[in-house]
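**Q**
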């Protein structure tokens with residue numbers, strides 16, 4: 098969500114229904130402080146409600162975490178959908194569009210980190226519903242990317258999709274830990290190189 102400043106945020110959030118206020122507060126606190134460090138009372142306070150009201154909408158904190166990550170995943174899926182609509186007959190443009198979306202988002206990641214990567218680090222239990230949601234989302238993205246690579250006529254769609262995935266994921270981690278300069282520029286160049294290298298001659 099856009100950062101409109103504290104006063105602007107308070108004005109905007111005050112108009113939301115209780116469930117959305119809770120999710121907005123959870124997003125802000127989980128992103129800024131991490132899942133484990135944030136308690137239910139802090140979320141309720143930030144949302145301008147009570148723990149009892151929060152639990153009426155979300156039976157547990159884990160359920161709230163899962164719903165927050167479901168929304169994050171839906172936002173990423175929407176980008177794929179928008180690119181498909183914008184370039185219905187150009188899978189290569191869709192792939193490069195997704196890479197550009199990640200590249201353009203890197204400055205924000207440098208401050209907050211990727212919500213999926215951060216959450217996985219805090220959810221070591223593979224059976225945790227939120228972790229399963231992340232894994233299913235990532236698997237779905239990989240399948241969709243592989244399909245785009247196949248439609249683009251790449252010689253080895255599975256390999257090309259894996260290489261692009263490594264680049265997109267690695268770019269986010271490298272930005273977060275400040276280990277590489279000009280990450281967005283290099284990300285785009287590498288993805289273009291993968292597409293060129295796997296193109297049928």
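Residue numbers (the numbering used here): 98 to 298. Note that beta-carbon positions come from the ideal geometry of N, C-alpha and C, so glycine has one too.
Name the two residues that bound the continuous alpha helix (DSSP H) containing residue 290.
**A** Its alpha helix (DSSP H) spans residues 280-294.
**Q** So, are the CB atoms of residue 272 and residue 258 less than 9 Å apart?
**A** Not closer than 9 Å, so no.
**Q** Nearest by alpha-carbon distance to residue 293: which of 251, 281, 263 is it?
**A** Per the Cα distances, 251.
**Q** With H, G and I counted as helix, E and B as strand and the rest as coil, what does DSSP make of residue 242?
**A** Here residue 242 sits in helix by DSSP.
**Q** Kindly list the residues whose CB is nearer than 7 Å to the CB of residue 189, restricted to its own chain and excluding five residues on each side of it in sequence; keep chain order.
**A** These residues qualify, in order along the chain: 249, 292.
**Q** Are there three or more Cβ pairs, one per stretch, closer than 8 Å when the stretch 165-172 is compared with the stretch 228-242?
**A** They touch, by the three-pair rule.
**Q** Do residue 152 and residue 59 come within 9 Å of each other at the CB atom, strictly closer than that value?
**A** Because the chain in this structure spans residues 98 to 298, residue 59 falls outside the shown range and cannot be described.
**Q** Once you ignore the five residues that flank residue 206 on each side, which residues in its own chain have a CB closer than 8 Å to its CB?
**A** So the qualifying residues of the chain are 269, 272, 273.
**Q** Who are the near neighbours of residue 129 in its chain, counting only those whose CB is closer than 8 Å to its CB and skipping five residues on each side?
**A** Within the same chain, residue 129 has close Cβ partners 209.
**Q** Using a 10 Å radius around the Cβ and a threshold of 16 neighbouring Cβ atoms, would you call residue 264 buried or exposed?
**A** Buried.
**Q** Give the straight-line distance between the Cα atoms of residue 215 and residue 131, rounded to the nearest whole angstrom.
**A** Approximately 7 Å between the Cα atoms of the pair.
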